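Numbering (our numbering), first residue to last: 1 to 694.
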Ligand SMILES: Nc1nc2c(c(=O)[nH]1)N[C@H]1C(S)=C(S)[C@@H](COP(=O)(O)OP(=O)(O)OC[C@H]3O[C@@H](n4cnc5c(=O)[nH]c(N)nc54)[C@H](O)[C@@H]3O)O[C@H]1N2
Ligand SMILES: Nc1nc2c(c(=O)[nH]1)N[C@H]1C(S)=C(S)[C@@H](COP(=O)(O)OP(=O)(O)OC[C@H]3O[C@@H](n4cnc5c(=O)[nH]c(N)nc54)[C@H](O)[C@@H]3O)O[C@H]1N2
Ligand code: SF4
Ligand SMILES: [Mo]
């Protein structure tokens, strides 16, 4: 070992939701090595390829290093370097001008996947400025799970991998690639290696199928039908937890009556899963105690997400798996500042009525604006015009459904500011671009606000280059210019102290401790009841009519009806080497996955004259893109699995880096949206394929 290297501890971040404890080797203000920390609370030494490559983000020659102002027409790729003072003043002037003319709600604040504490400082800035419009990716990422959970059982039921389970139902979660929201796959593997059964519910034969007792290869977008089929069997065969159902649920008879029609045979027709496999899975889930559902993102990628998540929580409940160790639990937060207080929710008491989504009648408690409604406000002025946008840690040109519409909407905005670490298709059409300092260069707190019952220390280890600033500092300084100064700190570090303050620790003591975890207590309902209007798990929602929600989970058809002109079903999954649209510019990662690949069954490929490695045109009713064929029988003959998040940093900036060529969201649309969350169909879309003949 090199004696000059100093090893320090932190947690990995911003390559996914983060969570693995790391040992980072430092030399001369540079990171020279990254390892998994064997003592890590979540990972016990595990580390992935993205984390090993993560220091390369910081030293890339093309990284943004100075504030930039658009010099030519929007999107022309011409920039002028300006000072931070000028950049912040220009943003402030534009936002104030829009506020005067259209009200504060005419400015929207956007963030993508929550990456760290800045996500909540951004919400705070919007609240203090007076805008109810924070645009997030929540409509397609976790809000359906979390908010449906709150309505059904009073909390967000998180898979508890910290205690032994008898069975894990891995439902639409490719955890060995995604480790989603800190559910680190090494924890799950440890359980399986010590005897926990695994059932995989995925249209693709993912790696973990090898270790599973059963694999349900369902048709994409039919999860609600499958879950209703499982409920049917469990109730019909009286396999449910009678004590729990009797004492702690509301509306069981309604549910029982309602699911009678979802027989395994009926459900099999819809889902392609054989009826006996549906029966066996239902029996195994009901009879293994405790059992947990590790649920993944595709349950939130179609217009029926509310029905899917409702049905899954009903399953957890009637089998007695809610809030028991090794089940799906209410993770209790440590003693830290409450989110509402941190973001100053009190300053905007009418937010729920004033935000863009109120007009569309979304489910109560959805506090970020779905992207589709945000774009309608820009393009149609419904319910009112939006003219300015601050984009941070996000790349909407790739991540919002219907990228052409996103382009059109953004090009018609009066003013856009974007903070990023690298130029992106979104930043390329902004008016001001701000260079952000990022993981390893900033003091940060991980997992705040995610509902997993812990926060992680991510201290600054090295200095950022040139003029890069932490997002929290940018927001703190911008806040002073566009809103009353008393809500902002002299030194932005105070925000970190504010969060950990109630625990009695300073930020630096928290760093020494590495993480804070809430108390491990279960079955809190036995003392206090469930935090729902009836005090019970609401299998039938008692206030459904009041909020125009369906009282019972339904099957209302496929996300998109079958269409013979588009005979294949398009789905997608995240790449293990990238985070959404990020980091195609990191050489070590690009070498591992140089192209956007689309998985096609060999027979389907042959029928369409496609060979392995061919460039393939994928076409839906909404658009066409090209990706590279990868022939594999891990997908069904009727399904293709395409890559998400592709743009080409090596392409020309004035063409926004070929954002249309392989971008999955050229194939999606916002014409049909789920009513409760404004969720578009990102998956289960009819498509056809052909070889690109040039
Ligand atoms: N079709 C389709 N669409 C999808 C999905 C899908 O599966 N299919 N997935 C959806 C989901 S689940 C999500 S969460 C969203 C994600 O949507 P986004 O969050 O918009 O996607 P990212 O590519 O992660 O964009 C993050 C940007 O943040 C920048 N960045 C990284 N670190 C920092 C930092 O410290 N500071 C700043 N200022 N910037 C930083 C990166 O360079 C990158 O440009 O996409 C959604 N869209
Ligand atoms: N490497 C990496 N890690 C990530 C991310 C990333 O971009 N890259 N993104 C982060 C974010 S923001 C999120 S939200 C999570 C998402 O991570 P996951 O929850 O794992 O989501 P996906 O990778 O989109 O899909 C998971 C699995 O669902 C399957 N699937 C596709 N369609 C369907 C369907 O209709 N029904 C069912 N049952 N299964 C289906 C796919 O084949 C895939 O194997 O990962 C986080 N971690
Ligand atoms: S799984 Fe996620 S948190 Fe863990 S090392 Fe990889 S990128 Fe980092
Ligand atoms: Mo996400």
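Glycine included, each C-beta is placed from N, C-alpha and C at the ideal position.
Treat the numbers as computed from the prediction; the structure is a model and nothing was measured.
Going straight from the alpha carbon of residue i to that of residue j, what length do you get?
| i | j | result |
| --- | --- | --- |
| residue 696 | residue 138 | Within the shown structure, residues of the chain are numbered from 1 to 694, placing residue 696 beyond reach of any answer. |
| residue 680 | residue 366 | 15 Å |
| residue 510 | residue 500 | 7 Å |
| residue 153 | residue 524 | 12 Å |
| residue 584 | residue 36 | 23 Å |
| residue 238 | residue 633 | 38 Å |
| residue 476 | residue 69 | 20 Å |
| residue 532 | residue 614 | 54 Å |
| residue 419 | residue 434 | 4 Å |
| residue 651 | residue 658 | 6 Å |
| residue 596 | residue 468 | 30 Å |
| residue 553 | residue 537 | 14 Å |
| residue 691 | residue 598 | 12 Å |
Taking residue i as the reference, which of the options has the closest Cα?
| i | options | result |
| --- | --- | --- |
| residue 259 | 227, 245, 287, 270 | 227 |
| residue 590 | 602, 369, 575, 162 | 575 |
| residue 233 | 285, 523, 442 | 285 |
| residue 449 | 331, 196, 687, 163 | 331 |
| residue 215 | 537, 204, 221, 222 | 204 |
| residue 110 | 647, 652, 392 | 392 |
| residue 631 | 300, 219, 605, 648 | 605 |
| residue 163 | 192, 354, 469, 173 | 192 |
| residue 545 | 434, 363, 269 | 363 |
| residue 282 | 178, 688, 236 | 236 |
| residue 218 | 277, 179, 231 | 277 |
| residue 310 | 551, 569, 594 | 551 |
| residue 463 | 178, 27, 5, 207 | 27 |
| residue 78 | 427, 535, 522 | 427 |
Quick check: residue i and residue j, are their CB atoms within less than 8 Å of each other?
| i | j | result |
| --- | --- | --- |
| residue 317 | residue 267 | no |
| residue 19 | residue 251 | no |
| residue 186 | residue 326 | no |
| residue 429 | residue 67 | no |
| residue 108 | residue 369 | yes |
| residue 31 | residue 440 | yes |
| residue 643 | residue 627 | yes |
| residue 616 | residue 220 | no |
| residue 629 | residue 600 | yes |
| residue 579 | residue 15 | yes |
| residue 358 | residue 378 | no |
| residue 118 | residue 17 | no |
| residue 223 | residue 308 | yes |
| residue 503 | residue 336 | yes |
| residue 447 | residue 461 | no |
In the DSSP assignment, what residue or residues form a beta bridge with residue i?
| i | result |
| --- | --- |
| residue 698 | Lying before the first or after the last residue shown, residue 698 is absent from the chain, which here runs from 1 to 694. |
| residue 573 | 643 |
| residue 328 | 159, 322 |
| residue 23 | 9, 35 |
| residue 102 | Its beta-bridge partners do not exist; DSSP assigns none. |
| residue 634 | Partner(s): none; residue 634 has no beta bridge. |
| residue 110 | 135, 391 |
| residue 624 | 619 |
| residue 314 | None; residue 314 has no bridge partner. |
| residue 171 | 201, 295 |
| residue 444 | 458 |
| residue 353 | The partner list for residue 353 (beta bridge, DSSP) is empty, contrary to what the question assumes. |
| residue 582 | 579 |
Let's see if you can read the secondary structure: which residues bound the alpha helix (DSSP H) around residue i?
| i | result |
| --- | --- |
| residue 153 | 143–153 |
| residue 485 | From DSSP, residue 485 is part of no alpha helix (DSSP H); its letter is neither H nor E. |
| residue 190 | 185–193 |
| residue 599 | Taken as a continuous stretch (DSSP letters only), residue 599 belongs to no alpha helix (DSSP H), being part of the beta strand (DSSP E) at 597–600. |
| residue 256 | 252–259 |
Give the range of the beta strand (DSSP E) segment to which residue i is assigned.
| i | result |
| --- | --- |
| residue 272 | Unbroken run through residue 272: none, as it is neither H nor E. |
| residue 381 | That residue, residue 381, is in no beta strand (DSSP E); it is neither H nor E in DSSP. |
| residue 407 | Premise fails: residue 407 lies in the alpha helix (DSSP H), 403–411, not in any beta strand (DSSP E). |
| residue 433 | 432–437 |
| residue 517 | 515–517 |
| residue 68 | 68–70 |
| residue 248 | From DSSP, residue 248 is part of no beta strand (DSSP E) but of the alpha helix (DSSP H) over 242–248. |
I'd like to confirm something about residue i: is its beta-carbon nearer than 7 Å to some heavy atom of ligand 6, or not?
| i | result |
| --- | --- |
| residue 141 | Annotation note on ligand 6: not contained in the displayed structure, which lists ligand 1, ligand 2, ligand 3 and ligand 4 as its ligands. |
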